Amino acid sequence: KAGVTQTPRYLIKTRGQQVTLSCSPISGHRSVSWYQQTPGQGLQFLFEYFSETQRNKGNFPGRFSGRQFSNSRSEMNVSTLELGDSALYLCASSQGLAGAYEQYFGPGTRLTVT
Amino acid sequence: DQQVKQNSPSLSVQEGRISILNCDYTNSMFDYFLWYKKYPAEGPTFLISISSIKDKNEDGRFTVFLNKSAKHLSLHIVPSQPGDSAVYFCAATSFSGGYQKVTFGIGTKLQVIP
Numbered sequence: 001k002a003g004v005t006q007t008p009r010y011l012i013k014t015r016g017q018q019v020t021l022s023c024s025p026i027s028g029h030r031s032v033s034w035y036q037q038t039p040g041q042g043l044q045f046l047f048e049y050f051s052e053t054q055r056n057k058g059n060f061p062g063r064f065s066g067r068q069f070s071n072s073r074s075e076m077n078v079s080t081l082e083l084g085d086s087a088l089y090l091c092a093s094s095q096g097l098a099g100a101y102e103q104y105f106g107p108g109t110r111l112t113v114t
Numbered sequence: 115d116q117q118v119k120q121n122s123p124s125l126s127v128q129e130g131r132i133s134i135l136n137c138d139y140t141n142s143m144f145d146y147f148l149w150y151k152k153y154p155a156e157g158p159t160f161l162i163s164i165s166s167i168k169d170k171n172e173d174g175r176f177t178v179f180l181n182k183s184a185k186h187l188s189l190h191i192v193p194s195q196p197g198d199s200a201v202y203f204c205a206a207t208s209f210s211g212g213y214q215k216v217t218f219g220i221g222t223k224l225q226v227i228p
């Protein structure tokens, strides 16, 4: 079975721009969760999508948004980028909602904001 | 407010010896605990888990211990191997606001010295 894939792997943007990251879950998985990883904060939960609906949301500003398509692929969008948004963005898929099922992570997208 | 705390940012252990990674939590509603391992340039991968109704779970060289009264869990790796060198994340799940939620610690970097 193919694993979770994320595109692009690396991205450099400037402040004020917006960015869209993509995640393709493992086939058959219906839940996709997004996390931000920074050295001092570890893995911070952004949101979770299940069957095209946002089911859970972390404590991030509204500049961070996402969506899920009918094939379970998910995108995350960050508008008006700030320097502090530089991080590794990870997505994880699971068969069901993340808290009840084991999550499988993609390799991440490294976003650098200059 | 870090509900899952990994107070040691790094740990060095000699090959063949025991590695002990610690995790403390503050939320008594956590009902399931997981450990993930992360190599550079890869996403975290699930390692081992434990339910809050147990105090020990073993899988090969990996054992997780849970002390509910102390709100503390630990991961033991015996014997440690150079391939175990990675960042280890502790995670906990709880039912909150109608959803199961996963909370991660900031990680501990383990270095196993040959």
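From first to last, the protein sequence lines stand for chains A and B.
Under the working numbering, the first residue of the first sequence carries the number 1, and numbering increases by one thereafter.
Under the working numbering, the first residue of the second sequence carries the number 115, and numbering increases by one thereafter.
Just so it is clear, CB atoms sit at the ideal spot from N, CA and C, and this is done for glycine as well.
Quick caveat, the model's predicted, so the values are computed rather than measured.
Let's see if you can read the secondary structure: which residues bound the beta strand (DSSP E) around residue i?
i                     : result
residue 202 (chain B) : 200-210
residue 113 (chain A) : 109-113
residue 223 (chain B) : 222-227
residue 92 (chain A)  : 87-94
residue 20 (chain A)  : 19-24
residue 12 (chain A)  : 10-13
residue 67 (chain A)  : 64-68
residue 99 (chain A)  : Careful: residue 99 (chain A) lies outside any beta strand (DSSP E) and carries neither H nor E.
Exposed or buried, residue i, counting other C-beta atoms within 10 Å across all chains shown (16 or more means buried)?
i                     : result
residue 16 (chain A)  : exposed
residue 76 (chain A)  : buried
residue 85 (chain A)  : buried
residue 59 (chain A)  : exposed
residue 205 (chain B) : buried
residue 83 (chain A)  : exposed
Tell me the rounded alpha-carbon separation between residue i and residue j.
i                     : j                     : result
residue 192 (chain B) : residue 35 (chain A)  : 30 angstroms
residue 123 (chain B) : residue 110 (chain A) : 21 angstroms
residue 153 (chain B) : residue 89 (chain A)  : 15 angstroms
residue 87 (chain A)  : residue 63 (chain A)  : 15 angstroms
residue 55 (chain A)  : residue 48 (chain A)  : 6 angstroms
residue 226 (chain B) : residue 91 (chain A)  : 28 angstroms
residue 3 (chain A)   : residue 101 (chain A) : 16 angstroms
Short-range partners of chain A found in the segment 125-154 of chain B, where Cβ spacing is below 7 angstroms | If the cut-off is 7 angstroms between Cβ atoms, the segment 125-154 of chain B has nothing near chain A.
Are the segment 66-73 of chain A and the segment 19-27 of chain A touching by the rule of at least three beta carbon pairs closer than 8 angstroms? yes
(request) Output, in sequence order along the chain, the residues in the segment 42-60 of chain A whose CB is closer than 7 angstroms to any CB in chain B. (result) Against chain B - using a Cβ distance shorter than 7 angstroms - the residues of the segment 42-60 of chain A are 42, 43, 45, 55 and 56.
- Message: If contact is defined by three or more beta carbon pairs under 8 angstroms, each pair taking one atom from either stretch, is the segment 181-195 of chain B in contact with the segment 129-147 of chain B?
- Response: yes
Mind listing which residues of the segment 96-107 of chain A have their C-beta closer than 8 angstroms to chain B's C-betas, in chain order?
97, 98, 99, 100, 102, 103, 104, 105, 106 and 107
- Query: Which residues, in order along the segment 157-189 of chain B, keep a beta-carbon less than 9 angstroms from a beta-carbon of chain A?
  - Reply: 157, 158, 159, 160 and 163
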